[in-house]
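Shown next, in structure tokens, is the structure this report addresses.
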């Protein structure tokens, strides 16, 4: 039992050689002059927009300088906090580093309390050192 193969008869399909303007939905062929004119208009508009783009950007940045700096600082601080937390998390995953750092921190805290916070004279010294550092950061000249 062989499958029957039917030969398809080639039917004649009418293809319009010209476009008739009377039929609905038909397109009229564009002339090459109209096509090149449209491309030239598009290119001129694009060129004028691109030519004035630096001026628009300059105006935008001068008008919104403070908010842009604020947003940039907020974004930068968020990124730096995330990176710091990721770095600390990676360090804490190393087996002996976490308890070692805890011991170092505990030892420094004990030394700091003993050195600066137990006696009143040492607390005054710490206050003076802090004020000197604050003046250096702010920019005041100490005499």
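Numbering (my numbering), first residue to last: 20 to 162.
Even glycine gets a Cβ: it sits at the ideal position worked out from N, Cα and C.
Cβ-Cβ distance between residue i and residue j below 8 Å
i	j	result
residue 145	residue 135	yes
residue 116	residue 110	yes
Residue i to residue j span [Cα, whole Å]
i	j	result
residue 30	residue 57	Since pLDDT at residue 30 reaches only 49, below the 50 mark, its modelled position is unreliable, and the value read off the structure follows with that caveat. So the two alpha carbons sit approximately 41 Å from each other.
residue 95	residue 128	30 Å
residue 78	residue 152	40 Å
residue 131	residue 73	56 Å
residue 28	residue 55	In this prediction, residue 28 has a pLDDT of 49, which is less than 50 and means its spatial position is unreliable; nothing more can be read from the coordinates.
residue 157	residue 123	31 Å
residue 101	residue 67	43 Å
residue 63	residue 83	30 Å
residue 60	residue 53	11 Å
residue 108	residue 120	13 Å
residue 90	residue 97	11 Å
residue 155	residue 76	38 Å
Bounding residues of the alpha helix (DSSP H) (the contiguous stretch that carries residue i)
i	result
residue 101	84–111
residue 123	116–131
residue 145	139–157
Own chain, CB closer than 8 Å to residue i, minus 5 neighbours either side, in chain order
i	result
residue 80	87
Proximal residues to residue i (C-beta, below 7 Å), its chain only, five neighbours per side dropped
i	result
residue 142	135, 136
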